[in-house]
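K.L.:
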């Protein structure tokens, strides 16, 4: 059989993404941010990480208590803003990525089941998604956090005590390390539990199309079971769509987290996220003595990161989602 | 037609029931009771308070009792703000949110549709690129960043507008701009893509073949169809904007309905929270219903499906 003419084959999605200048610039920027955020803070001198009496120093000044250069100035506790920005990036990006992955797993499983089973089950499952869409999302994140926060902390504490008694050093130190972060863990879980609806809808739509294709029929004729078809044939064909919507869910989760932290319901001091840094910055804004750096640096870093994620997501969607192409 | 609308109404009432049930059950099962901070925290006082607010008995009994009251349109009283009924609190907080949200909705719909159509008509020109670039920026930057920056520029530096608070029209401008910015962008993107789709369709080619100019074809034929997806989006958006925004209200120091959601969860004020959810869902149902009606007016084909 002769090959199809070159210009009739479907264009390669990755080639389209690579030609998309904004998407590629965004990708490089994001890789840089992640690398910097997860390496540089470990190499900074201790004096930058702790509080000091040098409060509200403007950027590029040297501290009086300890003579170190504060690249982005200091905050109300005399902590270096550059260090806090990077640890905040760890929290924000970490919550965004892990939360989006949780929602991706739930959404993909739900969407695939619904689309593959079809018929009445599908209709029922999609009605449930419609109904959950009608409920204010952020409200349920807040209820989940209120519900699980103390419970989860108690669990961790119980596990720590139990490990102490059983003399399991590893588990004890892990739980001791995790206890201050229990709220972040609960937030990740709640955000993941709430953000999967769009993903489920998209995946279901794709499965409905894919399952009618001849290779699925062929596979079924050869005796492949439902689960095998889903895993071996549908999942590989869904992978680019999943990647696309993962990229678009991450900024949504980051926004939700910063929203909660801005309202004071999320990350507590001394840990920071972009949202909590912005909250601190917005509190000190006043006409007499402008402490602009506390607002400007987190705002710029967060905006650029979200912008890059959205550019990359849009680029991927243009390349891989046939329905959104115009 | 009538059957279709009635069926939609029935299913949306079910959504309302579902949302309120979920809110009530979840809030009531949160750790920490509403009266834990009472000074006279003896068991007897607690019990009397629970009795007074009809929170005694099992969760199921509380729930069915509350639902019965809701059917009689009784939203009960707030735990936190004693002597205030939920209806009174909502009546006090809603007007400012309605004004602010209404203005933001107007901005989002008119500017979104205008910018989106302009971008589609001048496709692949500087106008198209800049407006779509601006849209992605507006979507990416959250309102708690745009808010303080608008304040810093227009209120503190230029001194044209007040910093925050509530009063005349001048107090509304900055918060409404800040609230509507991402939605202007969503609407503009939706409108652009939808209009581009329609511009490729056969009926528009026919219209042009009949001798209509590009502008005539667009305004008389294309717009009517292209605006449908935007109308679908605007329905839920209206409900969302009118029930108040926690962030914008906190940035601009406005006492609106948005704060109800945050505060009542923290105070475990289940009835107030449920009341707010009832209002939100009712608005949602109302606007979705309006969207359905508008659809049948804008697109004659819809009637066939009824």
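Chains as they are written, first to last, in this note's numbering: chain A, 254 to 579; chain B, 81 to 386. Beta carbons are placed, not taken as given, at the ideal position from N, Cα and C, and that holds for glycine.
1. Between residue 544 of chain A and residue 309 of chain A, what straight-line distance do the alpha-carbon atoms span, to the nearest angstrom?
2. Using a C-beta cutoff of 7 Å, does residue 378 of chain A count as contacting chain B?
3. Are the beta-carbon atoms of residue 318 of chain A and residue 306 of chain A separated by less than 7 Å?
4. Which value, in whole angstroms, describes the spacing of the CA atoms of residue 361 of chain A and residue 439 of chain A?
5. Could you spell out the range, first to last residue, of the alpha helix (DSSP H) harbouring residue 258 of chain B?
6. Check residue 327 of chain A in the structure and name its three-state DSSP category.
7. Please state whether DSSP places residue 571 of chain A in a helix, a strand or coil.
8. For residue 496 of chain A, I'd like the list of residues in its chain whose CB is within less than 7 Å of its CB, leaving aside the five on either flank, ordered along the chain.
9. At a CB-CB cut-off below 7 Å, which residues of chain A make contact with residue 232 of chain B?
10. Just checking, does the segment 553 to 573 of chain A make contact with the segment 216 to 229 of chain B on the three C-beta pairs under 8 Å criterion?
11. Output the distance between the C-alpha atoms of residue 386 of chain A and residue 143 of chain B, rounded to the nearest integer angstrom.
12. What number of angstroms, rounded off, separates the C-alpha of residue 329 of chain A from the C-alpha of residue 530 of chain A?
13. So what's residue 314 of chain A in DSSP terms, helix, strand or just coil?
14. Short of 8 Å Cβ to Cβ, which residues in the segment 487 to 518 of chain A face chain B?
15. Tell me, please, whether the segment 343 to 360 of chain A touches the segment 444 to 461 of chain A by the rule of three or more beta-carbon pairs shorter than 8 Å.
16. Kindly identify the DSSP beta-bridge partner or partners of residue 333 of chain A.
17. Have a look at B/340, B/318, B/365 and flag the residue whose alpha-carbon is nearest the alpha-carbon of residue 188 of chain B.
18. Which residues in chain B sit within 7 Å of residue 605 of chain A, going by Cβ to Cβ distance?
19. So what does DSSP say about residue 344 of chain B, is it helix, strand or coil?
20. Have a look at the DSSP bridge pairing and note the partners of residue 424 of chain A.
21. According to DSSP, simplified to helix, strand and coil, what is residue 241 of chain B?
22. Is residue 403 of chain A near residue 111 of chain B, with beta carbons less than 7 Å apart?
23. What residue from B/304, B/289, B/251, B/258 has the CA that sits closest to residue 277 of chain B's CA?
24. Using a cut-off of 7 Å between C-beta atoms, extract the partners of residue 360 of chain B located in chain A.
25. Under a Cβ-count criterion, where at least 16 other Cβ atoms within 10 Å of its own Cβ denotes burial, should residue 392 of chain A be classed as buried or exposed?
26. How about residue 460 of chain A and residue 368 of chain A: do their beta carbons lie closer than 7 Å?
27. Contact check, residue 346 of chain A vs residue 287 of chain A under 8 Å by CB: the rounded distance?
28. Less than 7 Å between CB atoms is the rule here; does residue 385 of chain B satisfy it with respect to chain A?
29. Which residues bound the alpha helix (DSSP H) around residue 143 of chain B?
30. On a CA-only basis, which of A/282, A/552, A/366 is nearest residue 458 of chain A? Give me that one, please.
31. If we ignore side chains and look at the alpha-carbon of each, how far apart do residue 455 of chain A and residue 364 of chain A end up?
32. Here's a check: name, in chain order, each residue in its chain whose Cβ is nearer than 6 Å to the Cβ of residue 265 of chain B, leaving out the five neighbours to either side.
33. State the beta-bridge partners of residue 322 of chain A as determined by DSSP.
34. Can you tell me where the alpha helix (DSSP H) holding residue 490 of chain A begins and where it ends?
35. Rounded to whole angstroms, what's the CA-CA distance from residue 386 of chain B to residue 93 of chain B? Just pull it up for me.
36. Between the segment 159 to 170 of chain B and the segment 240 to 252 of chain B, do at least 3 Cβ pairs fall closer than 8 Å?
P.N.:
So, from the data block:
1. 7 Å
2. no
3. yes
4. 22 Å
5. 250 to 279
6. strand
7. helix
8. 569
9. 538
10. yes
11. 23 Å
12. 11 Å
13. strand
14. 504, 508, 511, 512, 515, 516, 518
15. yes
16. A/327
17. B/318
18. It is not possible to answer for residue 605 of chain A, since the shown part of chain A is limited to 254 through 579.
19. helix
20. Per DSSP, none; premise fails for residue 424 of chain A.
21. coil
22. yes
23. B/304
24. 389
25. buried
26. yes
27. 6 Å
28. Unreliable positioning characterises residue 385 of chain B in this predicted model, as indicated by a pLDDT of 45, which lies under 50. A coordinate reading is not provided.
29. 139 to 151
30. A/366
31. 7 Å
32. 215, 218, 219
33. A/315
34. 488 to 515
35. Any reading at residue 386 of chain B must be qualified, since the residue scores a pLDDT of 38, below 50, and its modelled position is unreliable; no value is offered.
36. no
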